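S.K.: Got a structure for you, written out below as structure tokens; questions coming shortly.
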Amino acid sequence: MLNFIVRRLIQVPLVMLVLSLFIVGLTQLLTPEQRAAGYIRSDQQAARLEAIIEERGLRDPFVVQYGNWLGSTLQGDLGFSRASGQDVLQTIRERLPNTIELTLLTALPILLLGVWLGTLSALHKDKLIDQILRVLTILGYSLPTFVLGIVLLAVFYGYLGWLPGAGQVSIINQFALGDLRRYTGLLSLDAALNGRWDIAWDVIQHLILPAATLTVVSAATIVKVMRNNMLEALTSDYVRTARAKGLSSRVVNNKHARRNALLSIVTLGGFLIINLLSGSLITEFIFGYPGVGLWMVEAGLRLDIPAVLGFGLLSALIVVVVSTVVDILYGVVDPRVRFD
Amino acid sequence: MKKFALLSTLLLVGSAFAASPRDTLVIQQSADVPTLDPGVTYDTSSGALVENIYETLLTYRGNSLRDLEPLLASKAPTVSNGGRTVTFDLRKNVKFHTGNAMTCRDAEYTFERNLVTNSAESGNWFISESLLGTGSNANDDKTITWARIDKAVECNNAGQLVFTLPKPDPAFLAKLAYTGQSIVDSKHAIAIGEWKGTEADWKAQVGKDLTGSNLNKQPSGTGAYRLVRRDANATLLQAFDGYWGKKPAIKNVVLQKVPEIAARQQAFLRGDADIIEGGGRSVDEQQIKGKPGVAWLDNLPNTSAFAIFMNQKVQDPKLLGSGKLDGQGIPANFFSDVNVRRAFSHAFNYGQYIQDVQQGKGKQLTMLLPSSFPGYDAEVKTYTFDPAKARTYLQRAWGGNVWKNGFTLTANYRAGSVPSQTAMEILKRNIESLNPKFKVNIQQKQWSEMLADSKNGKEAMVLIGWAPDYADADNFLYTFYSSNGFYAPRSNFKDASVDKWLDQARSTVNTAQRNRLYSLVGQRAYEQAPYINVPAGVNYTFFRDNLQGVSAATYNPMTSFDTGTLWKDLSKR
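From first to last, the protein sequence lines are chains A and B. Using this note's numbering, the first residue of the first sequence is number 333, and each one after it goes up by one. Using this note's numbering, the first residue of the second sequence is number 634, and each one after it goes up by one.
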């Protein structure tokens, strides 16, 4: 297993190198003027277009431009992101924990809810509860994230006033954040460790609506897949054999059928976590949640190439690490899987 | 049920601490703040913060764009040597946020740093034009030496700041009021790794992009507010206890980044935000205006000018069709006939544009200069929508061949820009209705491509605007009308008289004389019709009605912040 993990980790720099070549190569499809437009915010700055191209070396050959980028990246300088107004590394350092926090609060409910409801639906196939769950699944599956997000915001914040609006903490706590000692980077946890339960609760409250949006949208897929897997498992030979042996329904369903049905959920869960960690772009945008997803949307809109490259590398890292974990989990769920 | 009640209580408790406190100004916007370094501040989003953290030598008096008053200068400057030497006495007992006392050396360092770096993204080209006679930096213009920069701005033995200009510049003082020319804390800047302020390392700083500089991360100005903290979610500022001026009523300012307009609107209507970035007049009038707790201030001055260009030398054969006056295209110099330009100017329905795009809140400009600016002459005639006159001019154009043979013209507009698209559609419909042989094709184009193509004179007709760097007519009129102006390659308009008047106005310090010259430019521009003057929008702003200090009497459009005031002039009930 150790060999397997080491082999996977060795792949990381290689994947990143290829990815960076690919992204920098793609930007070359744009004219220098198009790339320089990312630095322009006004007509006055547009007047300086040629100077911007010259100063940034945007007309240099691809090898020179890539060489410059690689040179500074190897020295730990991923460049300055205009979208965040900070260095790329600092931006990732500041925003990734926020996205992790949202992922932690979201992934578990999505997986648990998805597995539970999917199982429930399959076990009650074609009964009322199954019908209701199927309708809800279709609704959740087809609801665009931005519609659901805005509706939740309008109802629970705008109309009822039960939950806070956009951002990560309320105004009253903004100034207190500077006094917090940061241990983990996860704001709610750090606030709790500092004894500031009010801030921790404030952060959690701000997470509820984005998490709910993501849960409704993403859980639907898990429910659907889980239901299908369970139905398949319930009609398979080994389940029939288990029943014939006189095992209780509970044991058959939970231990034999569900465990096997979970195999593809592990893969799906991996993708889910990759998506959440790479930033839930639309959700973070709607709720002004300062994670990497929001940064990426802005970077994309502004053609912020250092940010796009930095985000690309971060995503590659997340993909490799999460897929390694998923592969290891395969071994846990299915003992037939070996890593030798 | 009990559980639900507990949850509801907790949630309600949570919602209680959302409202904006009385001593705190809460602003929500989608725009990012690229920098807090004045040396590269050249956009309103950065400007709105920098103008409150830093201060300039001079500033605009109240809502006036014509009168300047001292800010960090202790009195109006002494101008001598035929306008070439400008001497400032600086205010005493002024402290930077670090606690350092402001001295003449800080002002000298600031201007030298701006001249040395003068990066492409910055607005320092115009201060360089005044002080070095060129907008370029030392990388692009090898005649710029350290000695020239050093001599351009110095402190004399009496501690006065002395500018030495190569020639008089009537716009120089207005340029000093620009936020990007704010005085920085030189000791602090040097300590955190910025330019040392000496010849030793000046070369390495030339053209350096200061957007992400150390000074951007740790600003220290003399302004009424100091930066407390900046993270991905918010920028926090607090009133500076050591401020030399009147203590601000608002203690805290929180600028939150909320990209989604629906979220900003909810926060504003609930009173959690005092000011938000709106969604344009039509959206804001429909969804914000008239709602409880909302104050709406309209009919405010606008400071931009937009025009539809009529390029007299179109360099792109693709837009010319046959390239002849045979009904299938246009010759490259189609717009060089003044009759064509006048006809197009009469064919634009200004009223319809004001109605459709500006919801009735628009104003026709007599010249491409905001009406609030010094030098604007309201007496210059404007074109009216008059199809009969347009027809007459087109019948005269090109010896009658335009009317006889017709033409096919292709015009581009900026992709995604509703005002540009609407303007072009209005023009197309009206021109085509004059004669069935007239055909105007309009197509959208990406902004970056338009920037590049129009710069090379490739576009036949585009809608472009200009916003001011400083409140001086030259910044607009030279840009649009001079054959050496920034927009000259896009319009290829050249008029010897206009060039002469604009050059004279550049070196005339007598205001009345300059205004007369600008009137002449305006009148000549009316006759020659190089552009279709697109009506200017009327500014408006909205805010929570407990916010005090915002009114037409205090609104200065050169101030970047939405209320047209600095934060120190605001308070909350």
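Yeah, the Cβ is synthetic: ideal placement off N, Cα and C, and Gly gets one too. As the structure is a prediction and not an experimental result, all values here were calculated from the model.
#1: CA-CA distance, A/N585 and A/L410?
#2: List, in chain order, every chain B residue whose beta-carbon is nearer than 8 Å to that of A/D419.
#3: Along chain A, which residues have their Cβ under 9 Å away from the Cβ of B/A865?
#4: CA-CA distance, B/Y1164 and B/S969?
#5: Would you identify the three-state DSSP class for B/D1195, choosing helix, strand or coil?
#6: Compute the Euclidean distance between the alpha carbons of B/E1232 and B/L1001, then round it to the nearest angstrom.
#7: Could you check whether the Cβ of B/E754 sits closer than 8 Å to any Cβ belonging to chain A?
#8: Report the residues of the segment 890–909 of chain B with a CB closer than 9 Å to any CB of chain A, ordered along the chain.
#9: When you compare the CB positions of A/L604 and A/A369, do they come within less than 8 Å of one another, or not?
#10: Mind listing which residues of the segment 1137–1150 of chain B have their C-beta closer than 7 Å to chain A's C-betas, in chain order?
#11: Taking only beta-carbon atoms, is B/F1119 less than 8 Å away from chain A?
#12: Helix, strand or coil for A/P364? Go by DSSP, reduced to three states.
#13: Would you list the one or two residues that DSSP bridges to A/S413?
#14: Pair every Cβ in the segment 685–692 of chain B with every Cβ in the segment 1186–1202 of chain B, then say whether three or more of these pairs are closer than 8 Å.
#15: Under the assumption that B/V727 contacts B/T855 (Cβ atoms under 8 Å), give the Cβ distance between them as a whole number of angstroms.
#16: For B/L1027, tell me which candidate among B/Y1016, B/F1040, B/D1195 and B/T1017 has the shortest Cα-Cα distance.
#17: Could you check whether the Cβ of B/L1084 sits closer than 8 Å to any Cβ belonging to chain A?
#18: Leaving out five residues before and five after B/Y1009 in sequence, what residues of the same chain have Cβ atoms less than 6 Å from its Cβ?
#19: As a quick exercise: from A/S502, A/P345, A/L626 and A/A576, pick the residue whose alpha carbon is nearest that of A/L406.
#20: Excluding sequence positions up to five away, which residues of its chain have a Cβ less than 6 Å from the Cβ of B/L1060?
#21: Does the beta carbon of B/K1091 sit closer than 8 Å to a beta carbon anywhere in chain A?
#22: In three-state DSSP terms, what is B/R724?
#23: Can you list, in chain order, the residues of its chain with a C-beta nearer than 6 Å to that of A/L288? Leave out the 5 residues immediately preceding and following it.
#24: Once you ignore the five residues that flank B/A1145 on each side, which residues in its own chain have a CB closer than 8 Å to its CB?
#25: Mind checking A/L633: buried by the 16 CB within 10 Å criterion, or exposed?
#26: Within 8 Å of any Cβ in chain A, is that where the Cβ of B/W1080 sits?
#27: Within 10 Å of its beta-carbon, does B/V666 have 16 or more other beta-carbons around it, so buried, or fewer, so exposed?
#28: Using the C-alpha atoms, what's the distance from A/S520 back to B/L644?
#29: Consult DSSP for A/L436 and reduce its assignment to one of helix, strand or coil.
#30: Considering only their Cβ atoms, is the gap separating B/T1192 from B/L930 smaller than 8 Å?
#31: In the DSSP assignment, what residue or residues form a beta bridge with B/S713?
#32: If you reduce the DSSP assignment to three classes, tell me which class B/G887 lands in.
#33: Between which residues of its own chain and B/K725 is the CB-CB distance below 8 Å, once the five residues before and five after are set aside?
#34: Using only CA atoms, which one of B/L669, B/R699 and B/G912 lies nearest to B/L814?
#35: Compile a chain-ordered list of the residues in the segment 484–517 of chain A whose CB is closer than 8 Å to at least one CB of chain B.
#36: Would you call A/I384 buried or exposed, if buried means 16 or more other Cβ atoms sit within 10 Å of its Cβ?
M.R.: With the given structure in hand:
#1: 51 Å
#2: G845
#3: S416, Q418, T423, E426, R427, N430, Q500, P622, G623, L626 and W627
#4: 12 Å
#5: coil
#6: Shown here, chain B extends from 634 to 1206; a query on residue 1232 of chain B therefore has no answer.
#7: yes
#8: K890, V891, P892, E893, A895, A896, R897, Q898, Q899, A900, L902, R903, D905 and A906
#9: no
#10: none
#11: yes
#12: helix
#13: A/Q418
#14: yes
#15: 5 Å
#16: B/F1040
#17: yes
#18: L1002
#19: A/P345
#20: F981
#21: no
#22: coil
#23: This structure leaves residue 288 of chain A out entirely; chain A is present only between 333 and 672.
#24: none
#25: exposed
#26: yes
#27: buried
#28: Residue confidence is low: B/L644 scores 41 on pLDDT, short of 50, so the model does not pin down where it sits. No coordinate-derived value is stated.
#29: helix
#30: no
#31: B/T718
#32: Checking the sequence shown, residue 887 of chain B turns out to be Val, not Gly. The answer is strand: DSSP assigns B/V887 an E or B state.
#33: S707
#34: It is worth fixing the name first, because residue 814 of chain B is Gln in this sequence and not Leu. When each option's Cα is compared against that of B/Q814, the closest is B/L669.
#35: L485, A486, Y489, G490, G493, W494, L495, P496, G497, A498, G499, Q500, V501, S502, I503, I504, N505, Q506, F507, L509 and G510
#36: buried
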